[in-house]
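Counting with this note's numbering, you get residues 48 to 305 for the letters of the sequence shown. The block underneath contains the structure these notes are about, expressed in structure tokens.
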Amino acid sequence: MKVIKTINKFSSVRNSLINQKIGFIPTMGALHLGHLSLIRKSINDSHITVVSIFLNPTQFDNKNDLNNYPNSLNQDLKKLKTSGVDIVLLPNFSDIFPDDYNFQIHENNLSKKYCGSLRNGHFNGVLTIVMKLFNIVQPNIAYFGMKDFQQLTLIKKMIHAFFIPIEIVACETIREKDGLAMSSRNLNLTANERKLAPLLYKTINSTLSLSEMKRKLINFGFKLDYLEIHGKQLLVTAYLGKVRLIDNVQLKKLDHAA
Ligand code: AMP
48 MKVIKTINKF
58 SSVRNSLINQ
68 KIGFIPTMGA
78 LHLGHLSLIR
88 KSINDSHITV
98 VSIFLNPTQF
108 DNKNDLNNYP
118 NSLNQDLKKL
128 KTSGVDIVLL
138 PNFSDIFPDD
148 YNFQIHENNL
158 SKKYCGSLRN
168 GHFNGVLTIV
178 MKLFNIVQPN
188 IAYFGMKDFQ
198 QLTLIKKMIH
208 AFFIPIEIVA
218 CETIREKDGL
228 AMSSRNLNLT
238 ANERKLAPLL
248 YKTINSTLSL
258 SEMKRKLINF
268 GFKLDYLEIH
278 GKQLLVTAYL
288 GKVRLIDNVQ
298 LKKLDHAA
């Protein structure tokens with residue numbers, strides 16, 4: 048496994064990969080089985096699998112959230128090596144933002160809703176870093192988790208809008224045995240919060256009405272950011288203490304009463 052820290056070095060390796068199908072998984076590290084499921088798919092589909100680890104500050108609207116984001120680079124690298132990843136890209140901020148983030152991708156519709164309405168500039172940060180990484184890595188195929196449904200949808204729309212010749216593969220959400228969607232941020236839950244956390248999925252995966260779901264979640268101790276229907280999905284973001292949990296399910300009943 049090659050671990051590459053500069054874009055220059057990566058580009059010279061990339062130029063040597065002719066007629067190879069390149070699969071790509073962008074991550075922010077603190078890797079878990081959710082990330083590894085995307086990686087497994089890429090290894091199955093492609094000749095070369097590239098994973099990036101970059102904790103992107105431009106998508107954080109809250110300094111505490113960024114500072115408390117778990118970091119486990121050495122363990123991450125061991126997991127990637129064991130999984131059979133070919134190349135890991137570990138860029139630094141100045142290398143990837145030579146413009147100091149003066150150039151940005153803005154989307155003016157979906158990115159303003161749900162997570163975007165509460166996290167100022169979040170999706171500008173996400174779309175800009177993904178576009179940069181796509182231009183650097185030049186993959187044929189890239190893998191994103193359905194856990195971050197709004198992010199996945201926006202990336203598909205960006206690819207379409209800018210005629211980017213990359214196939215986007217949506218990967219199902221990997222959950223703990225008790226139903227909690229795996230997430231790097233779960234490491235920051237206290238023992239008591241960890242016990243309550245699966246109630247988020249259990250509740251949104253029920254056939255209750257939206258107002259009943261909201262009432263239940265608030266009673267359990269969640270602080271709801273939003274619980275809303277988007278197309279055929281039910282999207283939720285809620286805080287347990289200081290940890291933001293995000294999840295979504297396909298609607299069971301299309302007639303969920305408000
Ligand atoms: P992150 O490191 O949180 O930016 O996530 C990197 C990629 O892994 C994104 O495409 C996420 O949607 C995906 N991902 C994160 N958690 C899960 C999960 N539990 N199941 C499937 N994919 C996930």
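Glycine is no exception: its CB is placed at the ideal position from the N, C-alpha and C atoms.
If you drop the 5 nearest sequence neighbours on each side, which residues of the same chain put their C-beta closer than 7 Å to that of residue i?
{"i": "ILE221", "result": "LEU80, GLY81, SER84, MET229"}
{"i": "LYS270", "result": "ALA285, TYR286"}
{"i": "ILE215", "result": "ALA189, PHE191, ILE202, LYS203, ILE206"}
{"i": "ASN115", "result": "ASN235"}
Per DSSP, residue i forms a beta bridge with which residues?
{"i": "LEU282", "result": "GLU275, ASN295"}
{"i": "LYS49", "result": "ILE134"}
{"i": "PHE71", "result": "VAL97, ALA189"}
{"i": "ILE211", "result": "Note: ILE211 sits in no beta bridge, so no partner."}
{"i": "ARG222", "result": "ALA228"}
{"i": "ALA217", "result": "PHE191"}
{"i": "VAL290", "result": "LEU287"}
{"i": "LYS270", "result": "TYR286"}
Please return the same chain residues whose Cβ sits closer than 6 Å to the Cβ of residue i, not counting the five positions on each side in sequence.
{"i": "MET48", "result": "LYS128, VAL132"}
{"i": "LEU298", "result": "LYS279, LEU281"}
{"i": "ILE293", "result": "THR284"}
{"i": "GLU259", "result": "none"}
{"i": "LYS126", "result": "LEU78"}
{"i": "LYS263", "result": "THR250"}
{"i": "SER119", "result": "ALA77"}
{"i": "LYS68", "result": "SER93, HIS94, ASN187"}
{"i": "HIS277", "result": "none"}
{"i": "PRO245", "result": "ASP225, GLY226, LEU227"}
{"i": "LEU137", "result": "LYS52, ILE100"}
How about residue i and residue j: are their beta carbons less than 8 Å apart?
{"i": "PHE57", "j": "MET75", "result": "no"}
{"i": "GLY70", "j": "THR96", "result": "yes"}
{"i": "TYR161", "j": "TYR273", "result": "yes"}
{"i": "ASN295", "j": "PHE196", "result": "yes"}
{"i": "ARG291", "j": "VAL184", "result": "no"}
{"i": "VAL135", "j": "ILE72", "result": "no"}
{"i": "ASP108", "j": "ASN155", "result": "no"}
{"i": "LEU180", "j": "SER99", "result": "yes"}
{"i": "ASN235", "j": "LYS289", "result": "yes"}
{"i": "MET178", "j": "ALA217", "result": "no"}
What does the Cβ neighbour count give for residue i, buried or exposed, with the cut at 16 atoms within 10 Å?
{"i": "ALA208", "result": "exposed"}
{"i": "HIS169", "result": "buried"}
{"i": "PHE140", "result": "exposed"}
{"i": "PHE210", "result": "exposed"}
{"i": "ILE237", "result": "A small fix is needed here, since residue 237 is Thr in this sequence, not Ile. THR237 should be labelled exposed."}
{"i": "GLN198", "result": "buried"}
{"i": "PRO212", "result": "exposed"}
{"i": "ALA189", "result": "buried"}
{"i": "THR53", "result": "exposed"}
{"i": "ILE176", "result": "buried"}
{"i": "ASP147", "result": "exposed"}
{"i": "SER59", "result": "exposed"}
{"i": "LYS261", "result": "buried"}
Within the same chain, show all residues whose beta-carbon is closer than 8 Å to that of residue i, passing over the 5 residues directly before and after it, in chain order.
{"i": "ARG87", "result": "SER130"}
{"i": "LEU201", "result": "GLU154, LEU157, SER158, PHE170, VAL173, LEU174"}
Looking at chain C, is there any beta carbon in it that lies within less than 8 Å of the beta carbon of residue i?
{"i": "ASP112", "result": "This model lacks chain C altogether; it includes just one protein chain."}
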